[in-house]
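Which chain is which? The protein sequence lines are D and E, in order.
In my numbering, each residue's number is its place in the first sequence (first place is 1) plus 369.
In my numbering, each residue's number is its place in the second sequence (first place is 1) plus 551.
Accompanying notes for the structure given below.
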Amino acid sequence: MKTDDQEKVSIGAYIALAFAVVFFSGLLKSTEWYGVFDFTTLNGGFGKVLKDATGGLTTFRGAGGSGAADGFMFALGLVPTAMFALGMISVLEHFGALKAARKMLTPLLRPLMGIPGSTGLAIIGSLQSTDVGAGITKSLSDEGELNDTEKDIFTAFQFSGGALIVNFFGSGAILFTLSDTTGAAVPGSIGLALIVMFIFKIVGANVMRFYLKTIDKKATKEVTAQAAEAK
Amino acid sequence: MSAAPESKKMITDVFVEGARKGWGIGIGSIIPNIMMAFIIIKILSLTGALNLLAVVFGPVMAVFGVPGEGAAVLMAAVMSMGGAVGVAVGLLNEGALHARDIAILAPAIYLMGSTIQYAGRILGVVGTDGRRYPIMFGICIMNALMAMFVMNILV
């Protein structure tokens, strides 16, 4: 794990991270030139297609559909957003945006959640794949880098909102591109949702930290005391 | 060629690789999940169960500024995040949920999402003590509810 701490993170990686934050925040959502720095703007929308022989136009999905067939057409229309979002995530990752995030996060882990900085790599891994996160956590624990308490706190962080980045950009981000039956667009932004989720992942880890420190500790002590008496 | 270091990769290739992953999620998860959700919602709506859901969960969900039908999204989330997105989209389509409700529900879907599946893939792999499973699930549900509360204020 030492090599990770010493690994240099280039200035370009921080720029990539800053770009990612702005790109998904919705701050630059506009039809002006700076709209090119906004996900929703670049994601665009489908054009209208012919409704009937009279020449009326309707949405890509069609009008008046229902059930499985309508669900299919609707879902098909969401696929480009998922492709674009994950394509952008790949590019940003390629430029080291996640590495920069890890570098910035590492010194904060102890004060934020009471877990060692060596979990930085596992944290970033767990945001992309639950299997990677769980695998690294298991080996950190086996190597003695994490004690039982730290392991449980860290697991709570991973369990709520598992593989957050891939899952959310794969399916949740599309929610912020929709409109309802009255024509109102979904408020907030991809970035806002991401910040809220990340904060609550940390809150969840701290609930576990608190639980282990207070309630669970007493319970474990009592059990061991009883076991000792029984002997 | 396959041994070429990653930094030599063309940026366009990197994008295309990610987009292909998105396509995989699209056909492997989004389309089947949303299609299923549309069918379930059609059943719920035809049988009147959707109205029942609205009445039963209305008072609880009102705390978070969401109609009772939103409970269906949360129930689906425990099984699968993609399924819950499908249910949310289906209800939006029916007019049972509105744009603002979706924004409130979105973080909650992920914070308590796919927990049944992840119990095996995270808790099982890490080797979490069985006694702590309930608190792990409890934390996820609590995180989701608190996120809804916060989103209700923010949007």
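All C-beta atoms in this analysis are idealised placements derived from N, C-alpha and C, irrespective of residue type, glycine included.
Contacts that residue i makes with chain D (C-beta to C-beta distance below 7 Å)
{"i": "Glu568(E)", "result": "Ser459"}
{"i": "Ile704(E)", "result": "In chain order: nothing, as chain D lies at least about 11 Å away."}
Member of the options whose CA lies at the smallest distance from the CA of residue i
{"i": "Val701(E)", "options": "Gly395(D), Ser487(D) and Leu561(D)", "result": "Leu561(D)"}
{"i": "Gly433(D)", "options": "Asn602(E), Leu625(E) and Glu645(E)", "result": "Glu645(E)"}
{"i": "Gly601(D)", "options": "Leu547(D), Asn575(D) and Tyr580(D)", "result": "Within the shown structure, residues of chain D are numbered from 370 to 600, placing residue 601(D) beyond reach of any answer."}
{"i": "Gly634(E)", "options": "Tyr684(E), Pro583(E) and Met693(E)", "result": "Pro583(E)"}
{"i": "Lys380(D)", "options": "Ala470(D), Thr427(D), Arg479(D) and Met577(D)", "result": "The residue you asked about is not Lys; residue 380(D) is Ile in the sequence shown. For the residues Ala470(D), Thr427(D), Arg479(D) and Met577(D), the minimum Cα distance to Ile380(D) belongs to Ala470(D)."}
{"i": "Thr428(D)", "options": "Met442(D), Glu401(D) and Phe523(D)", "result": "Met442(D)"}
{"i": "Val614(E)", "options": "Ala654(E), Met699(E) and Trp574(E)", "result": "Met699(E)"}
{"i": "Met454(D)", "options": "Pro480(D), Thr550(D), Thr409(D) and Leu481(D)", "result": "The amino acid occupying residue 454(D) in the given sequence is Ala; Met does not appear at that position. The shortest Cα separation from Ala454(D) among Pro480(D), Thr550(D), Thr409(D) and Leu481(D) belongs to Thr409(D)."}
{"i": "Leu662(E)", "options": "Leu642(E), Val676(E), Asp680(E) and Ala627(E)", "result": "Ala627(E)"}
{"i": "Val640(E)", "options": "Ser631(E), Val629(E), Val606(E) and Ile653(E)", "result": "Ile653(E)"}
{"i": "Leu696(E)", "options": "Phe589(E), Met612(E), Gly637(E) and Ala670(E)", "result": "Met612(E)"}
{"i": "Thr475(D)", "options": "Val378(D), Leu445(D) and Gly541(D)", "result": "Val378(D)"}
{"i": "Gly675(E)", "options": "Phe545(D), Leu563(D), Asp500(D) and Leu396(D)", "result": "Asp500(D)"}
{"i": "Lys507(D)", "options": "Arg683(E), Gly678(E), Leu642(E) and Val629(E)", "result": "Gly678(E)"}
{"i": "Ile601(D)", "options": "Leu544(D), Gly541(D) and Gln527(D)", "result": "Because chain D spans 370 through 600 in this model, residue 601(D) falls outside it and cannot be assessed."}
{"i": "Asp585(D)", "options": "Val606(E), Val629(E), Arg651(E) and Tyr684(E)", "result": "Tyr684(E)"}
{"i": "Ile458(D)", "options": "Lys559(E), Met632(E) and Ala570(E)", "result": "Ala570(E)"}
Chain E contact for residue i (CB, 9 Å cutoff)
{"i": "Pro556(D)", "result": "yes"}
{"i": "Tyr383(D)", "result": "no"}
{"i": "Asn536(D)", "result": "yes"}
{"i": "Val448(D)", "result": "yes"}
{"i": "Gly456(D)", "result": "yes"}
{"i": "Ser487(D)", "result": "no"}
{"i": "Lys377(D)", "result": "no"}
{"i": "Glu386(D)", "result": "For the sequence presented, residue 386(D) should be read as Leu rather than Glu. Judged by the 9 Å Cβ criterion, Leu386(D) is not in contact with chain E."}
{"i": "Leu490(D)", "result": "no"}
{"i": "Ala503(D)", "result": "yes"}
{"i": "Met577(D)", "result": "yes"}
The ligand GTP heavy atom lying under 8 Å from the CB of residue i
{"i": "Pro485(D)", "result": "Ligands in the displayed structure: none, and consequently the ligand GTP is not present."}
Listed by chain order, chain E residues near residue i by CB distance under 7 Å
{"i": "Thr506(D)", "result": "Val677"}
{"i": "Asp439(D)", "result": "Phe589"}
{"i": "Gln527(D)", "result": "Ile673"}
{"i": "Lys520(D)", "result": "Val677"}
Residue i at chain D interface by Cβ criterion, 9 Å
{"i": "Ala623(E)", "result": "no"}
{"i": "Met626(E)", "result": "no"}
{"i": "Pro618(E)", "result": "no"}
{"i": "Lys560(E)", "result": "yes"}
{"i": "Ala554(E)", "result": "Low local confidence applies: a pLDDT of 45 at Ala554(E) is under 50, so the model's placement there is unreliable, with the coordinate-based value given in what follows. So no, Ala554(E) is outside the interface."}
{"i": "Val722(E)", "result": "Residue 722(E) is absent from the structure shown; chain E starts at 552 and stops at 706."}
{"i": "Gly681(E)", "result": "no"}
{"i": "Met632(E)", "result": "yes"}
{"i": "Val565(E)", "result": "yes"}
{"i": "Val629(E)", "result": "no"}
Chain-ordered chain E contacts of residue i [CB-CB under 8 Å]
{"i": "Ser394(D)", "result": "By Cβ distance, chain E contributes nothing, its closest Cβ being about 13 Å from Ser394(D), past 8 Å."}
{"i": "Thr524(D)", "result": "Ile673, Leu674, Val677, Thr679 and Met687"}
{"i": "Phe443(D)", "result": "Ile585, Phe589, Val640 and Asn644"}
Per-residue contacts from residue i into chain D (C-beta, under 8 Å)
{"i": "Val636(E)", "result": "Ser540, Gly541, Ile543 and Leu544"}
Chain D residues whose Cβ lies nearer than 9 Å to that of residue i
{"i": "Leu667(E)", "result": "Reading off the sequence shown, one finds Ile at residue 667(E), where the question assumed Leu. None at all; the shortest Cβ gap to chain D is about 11 Å."}
message = Output needed in chain order: residues of the segment 587-614 of chain E with a Cβ under 9 Å from some Cβ in chain D.
response = Legend: CB atoms of the segment 587-614 of chain E lying less than 9 Å from CB atoms of chain D belong to residues Met587, Ala588, Phe589, Ile590, Ile592 and Lys593.
message = Contact between the segment 593-606 of chain E and the segment 464-480 of chain D is defined here as three or more beta-carbon pairs at a separation below 8 Å; is this criterion met?
response = Touching, no, given that fewer than three Cβ pairs across the two stretches are closer than 8 Å.
query = Between the segment 595-609 of chain E and the segment 684-698 of chain E, do three or more beta carbon pairs fall short of 8 Å?
reply = Touching, no.
Residues, ordered as in the chain, of the segment 397-417 of chain D that lie near chain E by beta-carbon distance below 9 Å = If the cut-off is 9 Å between Cβ atoms, the segment 397-417 of chain D has nothing near chain E.
ask   = How do the segment 661-675 of chain E and the segment 530-544 of chain D stand: do at least 3 beta-carbon pairs fall below 8 Å, yes or no?
value = These segments touch.
inquiry  = Is it the case that the segment 488-504 of chain D contacts the segment 512-526 of chain D, given that we only count it when at least three CB pairs across the two stretches are under 8 Å?
reply    = Taking a contact to require three or more Cβ pairs closer than 8 Å, the segment 512-526 of chain D and the segment 488-504 of chain D qualify as touching.
query = Name the residues in the segment 545-570 of chain D whose C-beta lies less than 8 Å from a C-beta of chain E; which are they?
reply = Going along the segment 545-570 of chain D in chain order, one finds Phe545, Leu547, Ser548, Asp549, Thr550, Thr551, Ala553, Ala554, Val555, Pro556, Gly557, Leu561, Ala562, Val565, Met566, Phe569 and Lys570 with a Cβ nearer than 8 Å to chain E.
key: Contact residues within the segment 640-657 of chain E, judged by C-beta distance below 9 Å to chain D   = Here the close residues are Val640, Gly641, Leu643, Asn644, Glu645, Gly646, Leu648, His649, Ala650, Arg651, Asp652, Ile653, Ala654, Ile655, Leu656 and Ala657.
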